[in-house]
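*Asks:* All residue numbers for the sequence shown refer to the numbering used here, where the first residue is 3 and numbers rise by one.
Glycine included, C-beta positions come from ideal geometry on N, C-alpha and C.
Predicted model, so just to flag it, every value in this text is computed and none were measured.
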Amino acid sequence: MSINLNIEKAALTSNKLGKQGERVNLQSSQLFALFAVFPLSIFLSILYLYSPEGVAWTASWVPSLGLDLSFRLDGLSFLFACLISGIGTLVQIYALAYLREYPNRLKFHFYLTAFMLAMLGVVLSNNVLLLFVFWELTTITSYLLIGFNHENPTTRKNALQSLLITGAGGLAMLAGLILLGNMAESYQLTTILQQASVIHDHALFVPSLLLIILGAFTKSAQFPFHFWLPNAMAAPTPVSAYLHSATMVKAGIFLLALLSPIYAHSEVWFYTLTTVGGFTALWCAVLALKQTDLKLMLAYSTTVVLGKLTFLLGIGTDLALKSALMLIVAHSMYKAGLFMVIGNIDKATGTREVGVLRGLRPVLQISFVAAFIAALSTSGVPPLPGFLSKEYMYKAGLEVSSLAVLLMLVVNALTVTLVLALLIKPFSRKYQGEPTPAKPIEVNKGLWLPPITLALVSVLATVLGLGWLNEQVILPGVTSIAPISEPEPLKLWHGINLPLVLSAVTLLLGVSVYKIYPWLLAQWTRLSITLPNANKVFDGLLKGMMAFASWQTNLMQRKRMSFYGLISFSALAVLLVSQVHISSNVMFSQLVDAKFYEFAVALLLIVSTVVVIVSKTKLLAVAALGMIGFMTTLVFMIYSAPDVAKTQLLVETLMVVFLVLLMRHVPKLATVRQHSIKRKTLHAVVASVIGFAITMLLINITSQPMDTSVAEFFSNNSVPGGHGRNIVNVILVDFRAFDTFGEVVVVVMAGLCAVSLLKPGSVTYKNIQSLIFGTASHIVAALMLVFSLYLLMRGHNSPGGGFIGALIAVIGLSLLMFAESPKYVRERLHFAPFSIAMFGVLLSFIAGVISLLFNLPFLTGLWWKDVLPLGTPLIFDIGIYLGVIGGVMGMVLHVSEELN
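1) For A463, does the three-state DSSP call read helix, strand or coil?
2) Just verifying my parser: in three-state terms, what is the DSSP assignment at D709?
3) So P452 and Y96 are in contact, right, with Cβ under 8 Å, and what is the actual spacing, rounded?
4) State buried or exposed for I882, treating a residue as buried only when at least 16 other CB atoms are found within 10 Å of its CB.
5) Give the DSSP-derived three-state secondary structure of E355 in the structure shown.
6) Of the residues N233, V93, L108 and E745, which one's Cα is nearest the Cα of G448?
7) Pick from V616, L651 and A689: whose alpha carbon is nearest that of M629?
8) Quick check: the region 225-235 against the region 255-270, are there 3 or more CB pairs under 8 Å?
9) If we ignore side chains and look at the alpha-carbon of each, how far apart do L258 and I215 end up?
10) So what does DSSP say about T91, is it helix, strand or coil?
11) With DSSP collapsed to three states, give me the class of W470.
12) Short of 7 Å in beta carbon distance, which residues of its chain neighbour E355, apart from the five on each side in sequence? Order them along the chain.
13) Could you name the residues that DSSP lists as bridge partners for V371?
14) For L101, which residues in the same chain have their Cβ closer than 8 Å to its Cβ, ignoring the five residues on either side in sequence?
15) What residue does the alpha helix (DSSP H) around V746 start on, and which one ends it?
16) Kindly indicate the opening and closing residues of the beta strand (DSSP E) around S62.
17) Indicate the three-state DSSP secondary structure (helix, strand or coil) for Q190 in the structure shown.
18) Should P387 go down as buried or exposed, given a rule of 16 or more other Cβ atoms within 10 Å for buried?
19) Report yes if the CB atom of A457 is closer than 7 Å to the CB atom of G339, and no otherwise.
20) Can you give, in chain order, each stretch of the alpha helix (DSSP H) that sits fully within the region 594-637 and has at least 4 residues?
21) Should the region 506-523 be called in touch with the region 418-431, which here means at least 3 C-beta pairs below 8 Å?
22) By how many angstroms is the C-alpha of L760 removed from the C-alpha of G888?
23) For F73, which beta-bridge partners are listed by DSSP?
24) If you draw a straight line from the alpha carbon of V343 to that of V757, how long is it in whole angstroms?
25) Would you tell me roughly how many angstroms separate the C-alpha atoms of P442 and I86, rounded to the nearest one?
26) Nearest to P478 by alpha carbon, out of G77, S43, A35 and F37?
27) Could you compute how far the alpha carbon of L298 sits from the alpha carbon of L46?
28) Which one of W63, F632, G88 and P54 has the shortest CA to CA distance from R74?
29) If you scan the region 268-347 from start to end, which runs of the alpha helix (DSSP H) of 4 or more residues do you find wholly inside it?
30) In its own chain, which residues sit with a C-beta less than 8 Å from the C-beta of I569, not counting the 5 before and 5 after it?
31) One question on the structure: do Y113 and L146 come within less than 7 Å of each other, judged by their Cβ atoms?
32) Flag this pair as touching only if the region 317-336 and the region 389-398 have three or more C-beta atom pairs under 8 Å; answer yes or no.
33) By the DSSP assignment, the alpha helix (DSSP H) with G542 in it spans what residues?
34) Return the chain-ordered list of same chain residues with a C-beta closer than 7 Å to the C-beta of L42, the five sequence neighbours on each side being excluded.
35) What residues in its chain sit with their C-beta under 8 Å from that of F341, if we drop five residues either side in the sequence?
36) Alpha carbon to alpha carbon, what distance is there between L607 and T683?
This is how it looks when you write it as structure tokens:
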């Protein structure tokens, strides 16, 4: 009986666990489904918002740099945005099925979504600097996607290759965009396009053109940068389907089309684009036929299409632009579908080698249908989009030259041959031997639904949707690229004419070459024809660069601080001397007006410096160094800068504290090896040159009439704008609060970095054994802490403030540490010093965020003096006070604990 009860309990428990597992799986699938819903919602939003006349949206971001969050949706950007979001939806659905067993697929979908958003930013940006930001984001996110399977060394290498090439090209493009913005006196794209005639006559026109072309060529894999794109096929198949069809590689094409209104009338533009684009298409068509990996064959065929698009944009006529836009539509659909089909082949058979694949049609029936339709569009069979683009391509070529037509004919014929090789060999049964063993993967709808959807949409696009394409995409797109054009709508049928004949010849040539394709490959192998390998050239250049960097590092990085200091100060000396203009009249006229006490302070500074140099004992050197600091404090006091003087005095005092802690670990000066006379002379010369140059620069600067506009602004606005009479403190916590906030963050980070470098010590801490010091330090420390709070609260109207108050508090706590122990001080603080510092930084940040709630810029000062004498600058200053105490005290305590 008990056994039966146990069995029933176990069954009930199993059912509960099974139901819980089902709920978890359901929740997981719903979570992942959001990755497909998100791009779909973007796609539908774009369709809803778009108007052929264009839609724009702008918000200020960094006005001082001319950088706005400015976006626009016109015919050209609408085409790319629809492809990015629409195909992105299908790729996400495909990836959900394809990567179901991947352990890190959540990360993958996040990367893919980030990549999609970066690409949307590129095509929608109406500010060229903002466009660059998104451009580099596509570089980074594509690097993460290409290197997703980072356990493989080849994958890591190929991801790095794409990052280096496209990243370097992006920097060149940035330089070109900055030149373009300077010529147009604006970084807004609409303004730049309106200034096309002015830019064309500018001296920087050609340099900007070449830099922008370089950025576009690296992104869109034009020769000689074509090799990185086939190597990017190391990424998972969904990435290849997305990257090769609708996203990253089209970014360069988009950039060329976007800036065509500015550069299209230049002969440099025409000859560069047609030459490089035509050669890239022809060269990569040959390389594609040489491959045996289905994915590599498709990857090289992408560079063929990119070459054709560059060629057409170089021609720039209405016919060429209509062909280019239609080719972008056609290629995006058939290339994404073909990559998905090849992914299915790989998943079903475990291989992509064309030589071992055969007879897969019965197992991958839907995939075959999708591949068949995609292949027809690729080959240019009517009435598919590929046919329309090819027809208009030949029409555009006939307007230019017979050589252009011949080039297109050869490239298109080789493309037909390639498509036949991709389609017939894997799916046909006519080859000898048994069909390749394959798993029935099409039971998973997610693997066949996206490619068949793309295939059906490509059919409907021209059969039923050509009118919509003309009105919403092609004609507005051509107008965006060539504003003065008046394009006519695309037509499927123009009668029997030369372009139609050329299309038929293309198919015949492609089939004929396919018939002798095996013989050609055999002859190629027998003759041992070796094509130049761009990967080897790139690897050689990278190896050479690393060798040069290693040589330079060994030359410069000698692990000697004195050598680094000499190099740095020598460079500084050269830089300063180059800016010096000696004027004896100015020099002596100012010296005559100097007071006796100014000469006395200068003399004491010189004597103290000499004592530091010639001192034989550490104590005397430290005392003389402190004397230099205190004399500098006196200089600030003489010239009416009490806040700066107090800060300098307190910093010098803290320096004495640190030096006392470190003193026992510094070797005796007498035991340090002396430099040679030659080296001492060199050091003296460098120091003298720097001192002389700085002196002359200061004399020349102070002799010039002073611009008092800035001082007058702060003086006039300190009370009404900042509610404080201490102008220095008002500047620090109100007008320039962001700078102060950054400085405190640096202090805290410096403290964290400093303590992380310290190694645990083995010596027990010893306090100062003095009854008088021990008694007095408690009284003095308490008074200093109270005085620090007093300076904090009065700083807005009198000399003081959070920074000065914090330094006094740190000195008081340091006295307690010397009298007792670091542990004693830690117990009185109640919190870890760096926790106090982080809370202070957070408090200052909150003070800045409060202004955002009132629709004011970050860190704008707000006061409520009618209610309480309280304002966000005071809260900000309290945060600075805590941040400095925590950061500096954290360093002091760690130094005393770890090194003593």
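*Replies:* Let me spell this out:
1) Within the sequence shown, the letter at position 461 stands for residue 463. Here A463 sits in helix by DSSP.
2) Within the sequence shown, numbered from 1, the residue matching residue 709 stands at position 707. The three-state reading of DSSP puts D709 in coil, since its state is none of H, G, I, E or B.
3) Residue mapping note: residue 452 aligns to position 450 of the sequence shown, counting from 1. Residue mapping note: residue 96 aligns to position 94 of the sequence shown, counting from 1. Confirmed, about 4 Å.
4) In the sequence shown, residue 882 corresponds to position 880, counting from 1. When all chains shown are included, I882 counts as buried.
5) As a first step, residue 355 is located in the sequence shown; it is residue number 353 there, counting from the start. DSSP places E355 in strand when its eight states are reduced to three.
6) Counting from 1 along the sequence shown, the entry for residue 448 is found at position 446. Here the closest residue by C-alpha is V93.
7) Mapped onto the sequence shown, residue 629 falls at position 627. Scanning V616, L651 and A689 for the CA closest to the CA of M629 turns up L651.
8) The region 225-235 is not in contact with the region 255-270.
9) Numbered from 1 along the sequence shown, position 256 holds the residue referred to as residue 258. Numbered from 1 along the sequence shown, position 213 holds the residue referred to as residue 215. Separation of L258 and I215 (C-alpha to C-alpha, rounded to the nearest whole angstrom) is 7 Å.
10) Numbered from 1 along the sequence shown, position 89 holds the residue referred to as residue 91. Three-state DSSP puts T91 in a helix.
11) Here residue 470 refers to the residue found at position 468 when the sequence shown is read from its first residue. Here W470 sits in helix by DSSP.
12) One-based indexing of the sequence shown puts residue 355 at position 353. Sequence-distant Cβ neighbours of E355 in its own chain, meaning closer than 7 Å and more than five residues away, are T294 and D295.
13) As a working note, residue 371 is residue 369 in the sequence shown. Its beta-bridge partners do not exist; DSSP assigns none.
14) Taking the first residue of the sequence shown as 1, we reach residue 101 at position 99. Sequence-distant partners of L101 (beyond 5 residues in either direction) whose C-beta falls short of 8 Å from its own C-beta, in its chain, are R107, F110, P238 and P240.
15) In the sequence shown, residue 746 corresponds to position 744, counting from 1. A739 to L759 is the extent of the alpha helix (DSSP H) around V746.
16) Numbered from its first residue, the sequence shown carries residue 62 at position 60. Its beta strand (DSSP E) spans residues V57 to V64.
17) Sequence index remark: in the sequence shown, residue 190 carries index 188 (1-based). In the three-state reduction of the DSSP assignment, Q190 falls in the strand class.
18) In the sequence shown, residue 387 corresponds to position 385, counting from 1. Residue burial is scored here from C-beta neighbours: P387 has at least 16 other C-beta atoms within 10 angstroms and is therefore classed as buried.
19) Numbered from 1 along the sequence shown, position 455 holds the residue referred to as residue 457. Numbered from 1 along the sequence shown, position 337 holds the residue referred to as residue 339. For A457 and G339, yes; Cβs fall inside 7 Å.
20) Counting whole runs of 4 or more residues, the region 594-637 contains the alpha helix (DSSP H) stretches 598-616.
21) Touching, per the Cβ criterion.
22) Here residue 888 refers to the residue found at position 886 of the sequence shown. Here residue 760 refers to the residue found at position 758 of the sequence shown. Rounded to the nearest angstrom, the two C-alpha atoms are 18 Å apart.
23) Translated into positions along the sequence shown, residue 73 becomes position 71. Answer by DSSP bridge pairing, in chain order: W59 and S127.
24) For this step, residue 343 is matched to residue 341 along the sequence shown. For this step, residue 757 is matched to residue 755 along the sequence shown. Approximately 56 Å between the Cα atoms of the pair.
25) As a working mapping, residue 442 is identified with position 440 in the sequence shown. As a working mapping, residue 86 is identified with position 84 in the sequence shown. Those two C-alpha atoms are separated by around 30 Å.
26) Position 476 of the sequence shown, counted from the first residue, corresponds to residue 478. Closest option to P478, Cα to Cα, is G77.
27) Residue 298 sits at position 296 when you count from the first residue of the sequence shown. Residue 46 sits at position 44 when you count from the first residue of the sequence shown. Distance between the alpha carbons of L298 and L46 is about 33 Å.
28) Working through the sequence shown from its first residue, we reach residue 74 at position 72. Restricting attention to W63, F632, G88 and P54, the CA atom closest to the CA of R74 is found in P54.
29) As far as the region 268-347 is concerned, its whole alpha helix (DSSP H) runs of at least 4 residues are 269-292 and 296-317.
30) For the purposes of this step, residue 569 is taken as the residue at position 567 of the sequence shown. M558, listed in sequence order.
31) Residue mapping note: residue 113 aligns to position 111 of the sequence shown, counting from 1. Residue mapping note: residue 146 aligns to position 144 of the sequence shown, counting from 1. The answer is yes: Cβ separation under 7 Å.
32) Cβ pair count under 8 Å is three or more, so yes.
33) Within the sequence shown, residue 542 is the residue found at index 540, counting from 1. First-last of the alpha helix (DSSP H) with G542: A536 to M558.
34) Translated into positions along the sequence shown, residue 42 becomes position 40. Shown here for L42: same chain residues with a beta carbon closer than 7 Å to its own, the five before and five after excluded, namely T91 in chain order.
35) Residue numbering aside, residue 341 sits at position 339 when the sequence shown is read from its first letter. Residues of the same chain with a CB within less than 8 Å of the CB of F341, apart from the 5 flanking positions on each side, are T239, S242, A243, H246, S247, K297 and L300 in chain order.
36) For the purposes of this step, residue 683 is taken as residue 681 along the sequence shown, with counting starting at 1. For the purposes of this step, residue 607 is taken as residue 605 along the sequence shown, with counting starting at 1. Near 21 Å, if we compare the C-alpha coordinates of L607 and T683.
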